[in-house]
Structures are given as C-alpha cells and as structure tokens.
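Notes follow once the structure below has been shown.
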C-alpha cells in the first residue's frame with residue numbers, strides 16, 4: 001500500500017475522533033513512514049511495517065476513549081440516511097417553534113440554532129491576518145470597503161470562535177467542541193474572509209478538514225495551509241506564495257507572483273512560489289513568478305501548464321510530473337518512481353541538458369551543452385518523455 | 393509478561409531514551425526495541441500519555457524539508473526515572489533471591 005492510501009484509509013477509520021486528535025495521529029504516522037523511507041526502506045515496506053490499519057485505528061481509538069475523549073458515534077449508512085431525513089424534519093420543526101432540538105444524547109447539529117454572524121475590523125494595510133480553523137472551510141475574497149470582514153455560522157454547542165486583536169494584526173480561531181452527533185449542512189462549516197483591496201500585509205491561513213480558497217486577491221503575501229482539505233488560489237497577484245497540504249490537493253490558477261507592483265521588493269522571498277505536500281496532487285496553471293517556483297511532494301501527481309518563472313524546481317517521490325508550455329531559464333525535475341512527461345517551450349538547442357534514469361525510456365540526451373537555459377531531469381525508474389515546442 | 397508491568401516498563405524505557413537529547417518517533421523505536429518489544433502503534437499512545445501527564449514535551453521542527461516532532465523529557469519525567477530506579481532496587485533484590493533459589497532445584 002502507498003503512503004497516500006494508508007493515510008487516507010487511516011483518516012477514514014479515525015473519523016470518530018476530534019479533528020485535532022486525528023491530525024496528530026496522521027502526522028505521527030506520516031513522519032514514521034518518511035523516516036523509514038529516508039533510512040532506505042521502500043514506501044511499501046515502510047507502510048507494511050506499521051501493522052494493519054484496523055489494529056492501528058483500534059489502538060488509537062481505545063486509548064482516546066480511556067482518556068475520556070468523546071467519540072462521535074459511528075452509524076450504519078441506512079441509519080444515517082434515516083437520521084438525516086429526521087434531522088431535516090426536526091430542522092423544520094425547530095424553525096417553526098424556534099426551539100432547540102436535541103434527541104437524547106445525540107445532537108443533530110443541523111437542527112440546532114445556528115447564527116450567521118459578521119464582524120468587521122479596521123486594520124493597517126501592512127498588518128497581518130491569521131486564521132486557524134479545524135472544521136470551517138475558508139474562502140478569502142475582496143471586501144467592498146476598507147475593512148476586514150469575517151462572516152461565519154456559529155453555534156455554541158458545536159463550535160467556538162475566537163477573535164484576537166494585536167497591535168499589528170488579527171487572528172481568528174475556530175475549534176469544534178467534542179459532541180456526539182453529526183452535521184450534514186456544509187453551509188454551517190463555511191467561513192468567508194473579506195480583505196480590503198488596498199491590503200498589502202500578510203495572510204497566514206490555516207484550515208484542517210475544510211477547504212481553503214483564495215480568489216481575486218492582489219497585494220498581501222500568502223502562507224496557506226490545509227491538512228485534509230484542498231487548497232485553491234485563483235486569479236491573484238502576490239509578492240510571494242507559500243502553500244502546504246498534507247492529504248488535500250493544491251491548485252494555483254492564473255496567479256502572478258512578484259510581478260508588476262511587487263517587483264523589486266526587498267524581502268528575500270519576493271517572487272517565489274513554494275508548495276509542500278505529502279500525498280497532495282499539485283496543479284499549477286498559468287502561473288508567473290518573478291523568481292522561482294519550488295514544488296515538493298511525496299506521493300502526489302504534479303501538473304504544470306503555462307508556467308513562466310526564472311527557476312523551476314520539482315521534486316516528488318512516487319508521483320508523475322506533467323509539464324505543458326513551461327518557460328523557465330533553470331529547470332530541475334526529480335522523481336524516484338514517477339514519470340516526467342510533456343513539453344518545454346523553445347527548441348532543444350536553447351537548452352543545456354542533463355538527464356538520467358536507470359530504467360524506463362528517456363527522450364532527452366543524457367548530457368548536452370550549448371543552450372542558454374538549464375534543464376536537469378532525473379527519474380530513477382520512471383520514463384522521461386519531454387519534447388520541445390516553439391512559443392506561440 | 394503482566395500487561396500493566398510491561399506498559400510501565402516501556403514508558404520508563406521511552407523516557408530514558410530521551411535523557412541524552414530530544415529525540416523523534418522512529419529513533420525512539422530503534423533505540424528501545426532491542427530491550428523491549430515496541431511498535432509504532434504502541435508508541436503513539438505512550439507518547440500521548442507521557443505528554444498528558446507532563447513527563448515530556450514536544451515540538452515540531454523541520455528536517456529535510458518536512459516536519460518532524462521531537463520529544464524532550466521534563467523534570468517530572470526525570471523524577472519518574474529516579475523513582476523507578478529506587479523502587480526496582482527492592483524488586484531486583486527479590487529477583488536475585490528467586491534466581492538463586494531456583495538454581496538449586
């Protein structure tokens with residue numbers, strides 16, 4: 001079994017645990033697999049050495065129960081469907097009677113009274129906005145006025161939401177309370193953060209099980225982290241991006257980094273895109289970076305199209321790398337078992353090439369001098385199928 | 393071996409493996425396993441218990457471009473080892489007596 005499959009499957013088995021406990025267990029096992037592979041074991045062998053998933057999950061769950069962690073009840077699917085139907089009915093009843101609906105010890109999260117709340121804050125345009133959410137999904141957009149707005153659903157039985165203001169910034173924290181029951185309405189788990197158009201400070205965004213989307217933002221530097229959710233940055237321009245995902249996927253679409261207004265900023269990271277993922281798939285589409293793009297994942301697939309950057313560095317262990325229309329002066333791609341496929345912009349003679357793989361096809365020369373651009377491609381057992389095409 | 397006894401022993405072994413320097417999961421297993429049977433899945437709840445009762449603290453640091461959690465023993469944890477060593481002097485006395493007597497049979 002691959003690391004990705006192992007973590008996904010363990011995550012499912014641990015669904016009764018609170019999100020932070022589950023996250024701790026997953027990162028513990030992820031680290032152990034990495035340490036074993038680093039010491040010369042194959043990924044498969046590293047995963048096999050851990051024991052069986054049901055055993056591992058039982059050990060974690062029974063220990064959590066002993067420590068008094070309240071586990072969410074697991075239900076057979078049929079019962080769940082029935083309860084959802086009941087929940088919907090209760091929900092209607094709750095609206096009608098404006099009273100809480102709690103059935104026994106089991107909380108039907110959706111039928112509790114949820115409140116949509118919006119707060120707005122003044123913040124200096126170079127300040128810092130931080131989020132730390134465990135169940136909320138976060139979407140970030142542009143505010144219509146000069147204030148920071150945070151819009152979310154709250155219910156004191158299920159979630160707590162905290163806002164801290166500092167001299168140079170603001171931090172929003174959301175935690176799920178331990179409760180037995182379920183929520184099916186994803187609307188209650190969504191949070192919207194709107195930042196002023198003039199905001200050029202720092203966005204430090206972290207979500208655990210929800211997704212994170214940033215759209216149409218221009219100005220701040222972005223550090224975005226999603227653990228099991230997906231991460232998407234779209235139509236943005238930033239001085240720099242740092243994105244991290246454990247099991248979710250990363251999508252960066254139509255973004256420019258360190259270009260235009262942000263060119264020549266003095267901080268060392270200006271113009272760089274950094275993506276780190278464990279089992280994440282990474283998809284970059286129409287991304288321009290003034291300086292460099294660095295992508296590092298363990299088992300994810302990487303798809304790059306329409307990339308322009310001075311430097312491009314891609315590292316993956318078992319995933320494939322697909323490239324289309326990439327224009328970079330210095331490109332380095334490394335995989336162990338994955339294949340590297342696609343097209344680079346320009347003629348082959350534009351490049352100084354180094355490539356090697358032990359088994360598998362290789363369409364590139366192993367060593368070729370003369371070009372102005374550098375292209376280094378290394379795959380151990382995967383194929384190297386890179387062709388060249390002229391810019392349009 | 394009695395399960396409670398084994399559990400207690402593993403906890404002290406894990407604590408002892410941290411005495412020299414902060415250490416991480418994979419290394420703990422390698423250091424302890426020659427002396428006590430320990431696996432990844434048994435180590436996890438042990439670390440959690442030791443952390444909850446204040447015998448260890450942990451912090452996450454970067455290693456080779458990824459994150460690794462390092463565990464460090466606290467003064468409370470050291471006190472537990474001292475206590476163990478004191479208690480076991482009596483146990484060892486009994487052990488040698490039993491061993492000696494059994495050898496005669």
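Chains as they are written, first to last, in the working numbering: chain A, 1 to 392; chain B, 393 to 497. Just so it is clear, CB atoms sit at the ideal spot from N, CA and C, and this is done for glycine as well.
At a C-beta separation below 8 Å, residue 360(A) has no neighbours in chain B, since its nearest C-beta there lies roughly 25 Å away. Contact annotation: residue 189(A) and residue 135(A) have beta-carbon atoms nearer than 7 Å. Sequence-distant Cβ neighbours of residue 464(B) in its own chain, meaning closer than 6 Å and more than five residues away, are 414 and 449. Look at the beta carbons and you see the segment 373 to 386 of chain A not touching the segment 426 to 442 of chain B: under three pairs across the two are nearer than 8 Å. Note on the segment 320 to 359 of chain A: whole beta strand (DSSP E) runs with a minimum of 3 residues are 321 to 335, 340 to 345 and 351 to 356, in chain order. Residue 204(A) counts as buried, since at least 16 other C-beta atoms from the protein chains shown sit within 10 angstroms of its C-beta. For the pair residue 436(B) and residue 475(B), the Cα-to-Cα distance works out to about 24 Å.
Contact of residue 437(B) with chain A is assigned, a C-beta pair being separated by under 7 Å. For residue 356(A), the closest alpha carbon among the candidates 371(A), 336(A), 377(A) and 369(A) is that of 377(A).
Here residue 480(B) is exposed. Its C-beta has fewer than 16 other C-beta atoms within 10 Å. Contact of residue 56(A) with chain B is assigned, a C-beta pair being separated by under 7 Å.
Annotation: the continuous beta strand (DSSP E) that includes residue 137(A) extends over 137 to 142. When secondary structure is reduced to three states using DSSP, residue 153(A) falls in the strand class. Taking 8 Å as the Cβ-Cβ cut-off, the segment 446 to 465 of chain B approaches chain A at 456, 457, 458, 459, 460 and 461, given in chain order. Within the segment 203 to 229 of chain A, no alpha helix (DSSP H) run of at least 4 residues lies entirely inside it. DSSP places residue 405(B) inside the alpha helix (DSSP H), whose first and last residues are 395 to 408. In this structure, DSSP gives residue 443(B) a helical state, which the three-state scheme calls helix. Shown here for residue 379(A): same chain residues with a beta carbon closer than 6 Å to its own, the five before and five after excluded, namely 335, 340 and 357 in chain order. With 16 or more other CB atoms across the displayed protein chains lying within 10 angstroms of its CB, residue 211(A) is buried. Contact with chain A is absent for residue 427(B), since none of that chain's Cβ atoms lies less than 7 Å from the residue's Cβ. In the three-state DSSP reduction, residue 55(A) falls in the helix class (H, G or I).
Counting the other CB atoms within 10 Å of its CB gives residue 144(A) a total below 16, which places it among the exposed residues. Annotated as distal: residue 305(A) and residue 254(A), with beta-carbon spacing of 7 Å or more.
The Cβ-Cβ distance between residue 160(A) and residue 175(A) falls below 7 Å. For the segment 275 to 296 of chain A, the set of positions with a beta-carbon nearer than 9 Å to some beta-carbon of chain B reads 276, 278 and 296 in chain order.
DSSP places residue 468(B) in the helix class (H, G or I) of the three-state scheme. Nearest in C-alpha terms to residue 300(A), of all of 314(A), 130(A) and 346(A), is 314(A). Secondary structure note for residue 427(B): it is in no alpha helix (DSSP H), with a DSSP letter that is neither H nor E. Beta-bridge annotation (DSSP): residue 165(A) is paired with 170(A).
Look at residue 194(A) here: in three-state DSSP terms it is strand. The DSSP-derived three-state label of residue 379(A) is strand.
Under the three-state reduction of DSSP, residue 284(A) is assigned to strand.
CA-CA distance, residue 405(B) to residue 337(A), rounds to 38 Å.
As the crow flies, the alpha-carbon of residue 164(A) is around 6 Å from that of residue 170(A). Annotated three-state conformation of residue 47(A) is helix, per DSSP.
Between the alpha carbons of residue 140(A) and residue 215(A) lies a distance of about 6 Å.
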